[in-house]
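The numbers in our numbering rise by one with no breaks, and the one at position 192 of the sequence shown is 176.
Yeah, the Cβ is synthetic: ideal placement off N, Cα and C, and Gly gets one too.
Below is one structure, written out as structure tokens; the observations come after it.
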Amino acid sequence: QLAKEQHIRSENYTIFNILSNGETECSNSLEDECDTEIPGQALIYRPARQHIYSVLLESGEGGANHVVKEWFVYCGNPLQQPELIQPVQPSIPGGTPNLKTLWFAKGPDVEKQRYSTFLACFHLHDGMEELQTLEAPVAAFCCLLAYLMMQVSSLSLEDLNAFVAVILCLKGKSAAQLEGLQLAQVDSRAVHLGAVFIRGLTTLLLANSACGFPFRMDDLMPWEVFDGKLFQEKYQQSHRGCSLEELLEGN
-15 QLAKEQHIRS ENYTIFNILS NGETECSNSL EDECDTEIPG QALIYRPARQ
35 HIYSVLLESG EGGANHVVKE WFVYCGNPLQ QPELIQPVQP SIPGGTPNLK
85 TLWFAKGPDV EKQRYSTFLA CFHLHDGMEE LQTLEAPVAA FCCLLAYLMM
135 QVSSLSLEDL NAFVAVILCL KGKSAAQLEG LQLAQVDSRA VHLGAVFIRG
185 LTTLLLANSA CGFPFRMDDL MPWEVFDGKL FQEKYQQSHR GCSLEELLEG
235 N
């Protein structure tokens, strides 16, 4: 009932469909099918989604028997029928908290459980202390970036530096400054990586909704942590070998 009410008010993401129908979908992304070094975003974030499905479905009766029907667009998937995805329990000391605890209980211990369960969905439970020292949007950004670095082996140090430069430089730029950025060319791989990152933010929203909102949803919005044109600039600078001082603009 709570998931339905939040769904009607647009306060959660996809949770109601998963709980009521056991089904979810994701449309196509700006992905280069010729770039085989970067998997489709649907596959990159599947391990995280499996943990999220476990949080949502495996605390009730018969939870271990649940599967989720996924209609996710990626290269090689004909979409003639849904893929049946098995939930996978996240690695949490003491086990995954009950969904009723995550959603309804109150107090500092529960807040810690929500945060640790969220991080465990992205294989980052051990980084809790470090991430909690950061501003919420930056912590969420770092969580997603760390997950990407673990899942996509082809990501380079230059790619990592470009992403970090975006989160450090974005806050100090006005909308007019971002609009005025001039690019001599657009790199297709940077477009691909940007699309993968944005899809990752939707996975963060899903995990946040499932875990009882350890973050404010506003802190996970794309405009808080990412700008495509700025990422293009930082990506090209990083791959040209510019200094970190120039890349980070003194931040």
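Paired residues, beta bridge with residue i - DSSP
i   : result
F56 : C10
I69 : V52
Buried or exposed by the 16-neighbour rule on C-beta atoms within 10 Å, applied to residue i
i     : result
C226  : exposed
I22   : buried
P92   : exposed
A168  : exposed
G60   : exposed
S138  : exposed
R(-7) : exposed
E17   : exposed
E283  : The shown model of the chain, from -15 to 235, leaves out residue 283, and the question about it has no answer.
Q216  : buried
G78   : exposed
N145  : buried
G196  : buried
V148  : buried
V170  : exposed
E15   : buried
D202  : exposed
G234  : exposed
D110  : exposed
S38   : buried
S193  : buried
G44   : Reliability fails at G44, whose pLDDT of 49 lies under 50, so the model's placement of it is uncertain and no value is given.
T187  : buried
Residues near residue i in its chain [Cβ-Cβ closer than 7 Å; skip 5 each side]
i      : result
D241   : In this structure the chain extends from -15 to 235, so residue 241 is not present and cannot be described.
L200   : Here residue 200 is Arg; the residue named in the question, Leu, does not match the sequence. Correct list, in chain order: A120.
A(-13) : N(-4), I(-1), F0, L3
G212   : G178
T8     : T(-2), N1, I2, V52, E54
I151   : V122, F125, V209
L162   : D211, K213, L214
N5     : none
C10    : A26, F56, V57
Other residues of its chain near residue i: CB distance less than 8 Å, five sequence neighbours each side excluded
i    : result
E42  : A48, H50, P71, Q73, T80
L27  : Y58
L108 : L115, C127, A130, Y131
L103 : H109, G111, M112, L115, C127
Cβ of residue i within 8 Å of any chain C Cβ
i    : result
E217 : Among the chains in the structure shown there is no chain C, since it carries only a single protein chain.
Sequence-distant residues of its chain with Cβ nearer than 6 Å to residue i (five each side left out)
i    : result
Q97  : P81
C105 : A32, H35, I36, P74, A191
Y99  : P198
E95  : none
L232 : A149, L152
V180 : Q25
N12  : V57
Residue i beta carbon near the ligand ZN (any heavy atom closer than 7 Å)
i    : result
V148 : The ligand ZN is not among the ligands present in this structure, which contains no ligands whatsoever.
Mind listing, in chain order, the continuous beta strand (DSSP E) runs of no fewer than 3 residues lying wholly within the segment 132 to 188?
With a minimum length of 3 residues, no continuous beta strand (DSSP E) run stays inside the segment 132 to 188.
Please determine if the segment 174 to 181 and the segment 216 to 235 are in contact, where contact requires at least 3 C-beta pairs separated by less than 8 Å.
yes
Counting only runs that start and end within the segment 66 to 136, where is the beta strand (DSSP E) found for 3 or more residues in a row?
67 to 69
Can at least three beta-carbon pairs, one atom from the segment 127 to 134 and one from the segment 155 to 162, be found at a separation below 8 Å?
no
Scan the segment 203 to 229 and note each continuous alpha helix (DSSP H) run of 4 residues or more that stays entirely inside, going in chain order.
206 to 209, 212 to 224
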